[in-house]
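S.K.:
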Amino acid sequence: MSKETFSQISPSEFFYRNRDLAGFSNPTRSLYTSVREFVENALDACDQKKILPDIHLSIKAVDAEQSDPKHYVLTVRDNGPGIDPKHVPHAFGTVLYGSKFGLKQARGMFGLGATMAILYGQITTNKPVTVRSSSDGKTSDEFVMLLDIQKNKPVILKHHVKEAAKTGLSVSIVLEGDYSKAGSKIRDYVSQTSLITPYATITFEDPSGEKFHYPRIVKDMPPPPTIIKPHPHGVDVETMRRMIVDTHYQIPPVDNKMIEKIRKELGQKKNVSAKEILERTQKKWADLSRPVRTVLAVMSFLNVDFEGLQKIRIDDIDVANKKITYWDFGESQTHSVDLDPESPYYKQLSNTVQGDTLVTFLTKRFQRVGPTTAEKFCEFAKFKPERRIGSMTNEELVKLADALQKFEDFLAPDPSCLAPLGEEPLSKGIMKFFNPEFASVLQRSASAYSGFPFIVEMGVAYGGDIPASGLKVYRFANRIPLLYDEGSDVVLKIVNEMDWSRYKIKGDPPLVIVSHICSTRIPYKTVGKENVADRPELERELKNAIQYLARKLAVHMSRQGAADMAKKRANLYAKYVPLISQFATELSGKKKEPNYKQLIKMGSELEEQIQ
Amino acid sequence: MKNKSNRQKTAEARKEKLLSVLQQHGINIYNDLDQGRFPQFVIPSRSVNNIVYDKKIRQYILGNARAVRSSRNMSQLRSYTQLAWLAFFVNRLVREGKSSTLRDIYYSSQAFSIDFEDQPESDNIIVDLEAVTSSPREEFHIFPEERSSVFGDLTIEYTVPGYEGKRVNLSDHPDGYLIGPSLSSAELVDTSAELVIAIEKGGLFTRFVEENVHKKFKSIIVDTAGQAPRSTRSLLRRLNQELGLPVVILADGDVYGEHIAMVIKSGSANAAHLRELTVPDAKWLGVWATDIEKYKLPTIPMTESDIKRIYDLQKDPRYQEGNWKKQLEVFLKLKRKAELEAFSKYGLTNITDKYLPAKLEESKSL
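Here's what the structure looks like:
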């Protein structure tokens, strides 16, 4: 046999080894990704606490004389709620420490990115991260930390407390980057973020000291998303298995505390035999709490007293096969005991362990499923409505998950977990950003793909300050600008499939399209999260949105065309009628020119004639 | 002398008629403007649908369809103004006895803020005015830039201002005389010729002069320089009608050569709005498709467009019978063509010594 060594690696080490996946493949991309992660965390933090964000980003070269790639100090400061000083070391010094695990729309996921950036900075420069946080607005805690990659633990180098004037968080890292290459993307990122976050003030100070300042355009924040239960279509077997596990009434841990509780409820002070306990139990049953009943039911089958109970560990209660398996510490051995279905305790135990009925499970644990729908589903899936989900075999679970996907009578997912920007802020953002001659925005109603709700918001802007250099698409997903991998994106596909000439758009139009997709799960094509895949449901929504807006644009174009035409017409008659008059006068042999003024006026006011 | 006074009289009458037509248009436009109406021109339609072949007068003519060009229509306003300007400008040319060319018209327009995009556009407006007034542009004193030549014993008398009464004989200058405005308006006084030979190419025209074809065949030689310009066709018609001279045509041995002869004989679709440009009795001497084999001429293969042109002409009513039809068929069968110069293979004078007399003899039976 070959000799292999298995060793566990920490999450930090895993990410260190796989940093390409998270967008840290080279100094250019890493600088850009780091900016993104910190800015998005800052915006998310403000959004959650309904604070109008005021974000300050700066990138400074450590040694300006050096050539790229070189070391940069990246600092992002916000006016958010800050982080309780207790949590700061873990939040920034541990990978996979975060609060973003609920099902709602947020910019980042899991809070991995910021720590990744810190990790990347430390790897490339061996410099610590500096975090300043004030959560009470009075004092500010400053931590200077390194990350212990192997142990996935923060190493605090310095910590001191200062006075503070307001809440907020500031993170500063030193990292290897290439601003000469990443600069244009970062500037695009900042400006486009300000477009899709018109309620935020964003300032960016670049390495040359130039400041890009984007003041907030609207004072109202869009309503924040709420955390909701999953939709049946959005659940796979594994997710469902986890849901079932925590829907169980777990076998309560049998410790001294529990034994105390049982004694108290039974009213027995002294140590008594198993038999005595069960007798007492039968008398007192109605007054006992559920966990106590469960433990006592187990004891009845094992026939043990409290002392005996302390020597074993219950491993499994398999109701389907009517067996209890336990580990005996004294004997260091596994035992199993048959359950007698005739015993009065059997029902108690099986109810506890088997969990809810299928109908209850469906209505309690999923969004928008009522009893009627649940019953209908059971019929569809060929399960009994009263079937206990804890008693299902693996195969049945797969069958159930499969049926959940296929059943078509579930209501559409609840979009309350989404936070679209809203038509008014989007419109204001577009007006301010592009200063166009025409703009129109649309928010489609919520739709869903595979159980994940999404909303498409779109805007078009035409003319004005927009250069006539052809159609440009600004893509956003969950209020994040998407800048890379444009070519393979579904939005671009939809835009390119449009026959623009049908909407009176020709040549290289001064035309901008802003597309914003909000979803609890954006169907990204790649882990880089820069291009959205083409799901049919999403495609349909995008198409409807763009066609609606294009029609609006076409109306504007023809109105504009009519106005241009009237002007052109007036110019033409003013130019040609006097000429005709001059020629006719000489040709007819007259001395004085005719009175042609009225004809110029008539010509200018004529409606377009159809030949 | 009787001819002369007649000619002058008709020319004078036509000039007066044209001027009065133009003035009437001027008055109509003037009154429309004065009374707040949009002036318009009614133009016989020159669209393909309105061009029909009139068997009686043996040429293409326009049908009855009329198009209105109105200043009320914004998209026509510009071309309406161009047409009004041209009427105005032609009025000046004719009144003052000045001549112009197609190209000159294009450039002159700029002085009056009339913007023609290119010369084809102004050429088109000239044709419009021809149709409106039913007069050829030569009467407007507008001539094409390219000119063909004439040589032979023909005495003419100028009528152009400054040369009135002056006479020249067209055999005085071996290069021939340009068929320009002065010659076109001149009186044809006297000739000893009994025949007019129209020839497609300048090179052979010179050869014919050198070879004394005008003496040998008692002929006037006309160089058509390819497709004959209208002033040349007009001269050929006058030589035929006024002096009673038969007209024969020599052109390249291909479908285009055949059509050059046809246009001299019965006009072109392009000039369907005009009369008196045709020589209905003109004869096409050659080079026929059948001559290519008969005279064993060196040939070159036809191009795609040559062949397409044959198919096009086969749809033309004038090619539906006789020799015209037969030659097209032979060309199509041969799929080869021969130039007039092909005769040089048998010596430089072969065409004048052998071919021409033979064909003239042959033509008598046509």
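Chains as they are written, first to last, in our numbering: chain B, 3 to 613; chain P, 1324 to 1689.
Idealized CB from N, CA, C, for every residue including glycine.
Predicted, not measured: the structure shown is a model, and the values here were computed from it.
1. Tell me which residues share the same chain as K168/B and place their Cβ nearer than 8 Å to its Cβ, disregarding the 5 neighbours each side in the sequence.
2. List, in chain order, every chain P residue whose beta-carbon is nearer than 8 Å to that of R571/B.
3. Under 9 Å between C-beta atoms, does G605/B make it to chain P?
4. What residue from N28/B, H89/B and G466/B has the CA that sits closest to D70/B's CA?
5. How would you list, in chain order, the residues of chain P whose beta-carbon sits under 7 Å from the beta-carbon of K592/B?
6. How many Å lie between K554/B and K569/B at the Cα?
7. Determine the closest residue to T538/B out of I158/B, S334/B, K366/B and F456/B, with distance taken between C-alpha atoms.
8. Does any residue of chain B have a CB that is nearer than 9 Å to the CB of I1437/P?
9. Q152/B by DSSP, collapsed to three states: which one?
10. Report the rounded CA-to-CA distance for P1624/P versus K1656/P, giving the unit in angstroms.
11. Please tell me whether, using a cut-off of 8 Å, the distance from the CB of S449/B to the nearest non-hydrogen atom of the ligand ZN is below it.
12. Just the Cα atoms here: how many angstroms apart are Y1481/P and L1341/P?
13. At a CB distance below 7 Å, what residues from the stretch 1407-1421 of chain P approach chain B? Give them in sequence order.
14. The alpha helix (DSSP H) with Y1429/P in it runs from where to where?
15. With distances taken from CA atoms, which of A1584/P, Y1579/P and G1645/P is nearest K1631/P?
16. Based on Cα-Cα distance, which residue from P226/B, S32/B and I219/B lies nearest to S196/B?
17. 9 Å is my cut-off, CB to CB: does R1401/P come that close to chain B?
18. Distance cutoff 9 Å, beta carbons only. Does T1456/P sit that close to anything in chain B?
19. On the DSSP letters alone, give me the boundaries of the beta strand (DSSP E) that C520/B sits inside.
20. Mind checking if P417/B is an interface residue toward chain P, Cβ cutoff 9 Å exclusive?
21. Hey, out of E1684/P, Q1405/P and S1507/P, whose CA is closest to E1440/P's CA?
22. Could you check what DSSP says for F206/B in three-state terms: helix, strand or coil?
23. For R79/B and V37/B, what's the separation of their Cα atoms in angstroms?
24. What are the uninterrupted segments assigned as alpha helix (DSSP H) that are 4 or more residues long and contained completely in the stretch 1574-1603 of chain P, given in chain order?
25. Does A564/B come within less than 9 Å of chain P when only Cβ atoms are used?
26. What residue ranges within the stretch 1511-1563 of chain P form continuous alpha helix (DSSP H) runs of no fewer than 4 residues, ordered along the chain?
27. Quick one: is E586/B near chain P, going by C-beta distance under 9 Å?
28. Taking Cβ positions, are R1556/P and I1587/P nearer each other than 9 Å?
29. Which partner residues of E178/B appear in the DSSP bridge assignment?
30. Where does P427/B land, buried or exposed, given buried means 16+ other C-beta within 10 angstroms?
31. Sort Y1669/P, S1591/P and S1436/P by Cα distance to L1620/P and report the nearest one.
32. Roughly how many angstroms separate the alpha carbons of A564/B and I1502/P, rounded to a whole number?
33. Could you list which residues in chain B have their beta carbon closer than 7 Å to that of F1528/P, in chain order?
34. Does the Cβ-Cβ distance between G1609/P and I1543/P come in under 9 Å?
35. Using beta-carbon positions only, say whether H58/B and V176/B come within less than 9 Å of one another.
36. In this structure, what does DSSP give as the bridge partners for M147/B?
M.R.: This is what the structure holds:
1. Same-chain partners within the cutoff: N81, S136 and G139.
2. Ordered by position in chain P, the residues that pass the 8 Å Cβ test against R571/B are M1397.
3. It does; some Cβ of chain P falls within 9 Å.
4. Distance check between D70/B and each of N28/B, H89/B and G466/B places N28/B closest, using alpha-carbon atoms only.
5. For the C-beta of K592/B, the chain P residues within less than 7 Å are, from N- to C-terminus, Y1353.
6. The straight-line gap from Cα to Cα measures roughly 23 Å.
7. The question names Thr, yet the displayed sequence has Pro at residue 538/B. Comparing Cα positions, the closest option is F456/B.
8. Yes, its Cβ sits closer than 9 Å to a Cβ of chain B.
9. In the structure shown, Q152/B sits in coil (DSSP, three-state: anything other than H, G, I, E or B).
10. Rounded to the nearest angstrom, the gap between the Cα atoms of P1624/P and K1656/P is 12 Å.
11. Of the ligands one can find in the structure shown there are none, so the ligand ZN has no counterpart to examine.
12. Distance from the CA of Y1481/P to the CA of L1341/P, rounded to the nearest whole angstrom, comes to 21 Å.
13. Those would be A1407, W1408, A1410, F1411 and N1414, in chain order.
14. L1425 to S1431 is the span of the alpha helix (DSSP H), which, as asked, contains Y1429/P.
15. Check the Cα spacing between K1631/P and each of A1584/P, Y1579/P and G1645/P: the tightest is with Y1579/P.
16. With respect to the C-alpha of S196/B, the residue from P226/B, S32/B and I219/B having the closest C-alpha is I219/B.
17. Closer than 9 Å to some Cβ of chain B, the Cβ of R1401/P qualifies, so yes.
18. By this cut-off, T1456/P is not an interface position.
19. Bounds of the beta strand (DSSP E) holding C520/B are L513 to S521.
20. Under the Cβ distance rule, P417/B does not count among the residues neighbouring chain P, no pair being separated by less than 9 Å.
21. E1440/P has its Cα closest to that of Q1405/P, out of E1684/P, Q1405/P and S1507/P.
22. In the structure shown, the three-state DSSP call for F206/B is strand.
23. Looking at the backbone, the Cα of R79/B and that of V37/B are separated by about 11 Å.
24. The stretch 1574-1603 of chain P is shown to contain whole alpha helix (DSSP H) runs of 4 or more residues at 1578-1589, in chain order.
25. Closer than 9 Å: no.
26. You should have 1525-1533 and 1536-1539.
27. Contrary to the premise, residue 586/B reads as Ala rather than Glu in this sequence. So, interface residue.
28. Result yes, Cβ atoms of R1556/P and I1587/P sit closer than 9 Å.
29. In the DSSP assignment, E178/B forms a beta bridge with H73/B.
30. Using a 10 angstroms sphere on the CB of P427/B, the tally of other CB atoms reaches 16 or more, which defines it as buried.
31. If you compare the alpha carbons of Y1669/P, S1591/P and S1436/P with that of L1620/P, the shortest gap goes to Y1669/P.
32. Between A564/B and I1502/P, the alpha-carbon positions lie close to 53 Å from each other.
33. Listed along the chain, the chain B residues whose CB falls inside 7 Å of the CB of F1528/P amount to none; the nearest CB is some 42 Å away.
34. With a cutoff of 9 Å on beta-carbon distance, G1609/P and I1543/P are scored as not near each other.
35. H58/B places its beta carbon 9 Å or farther from that of V176/B.
36. Answer is V131/B and I158/B, bridged to M147/B.
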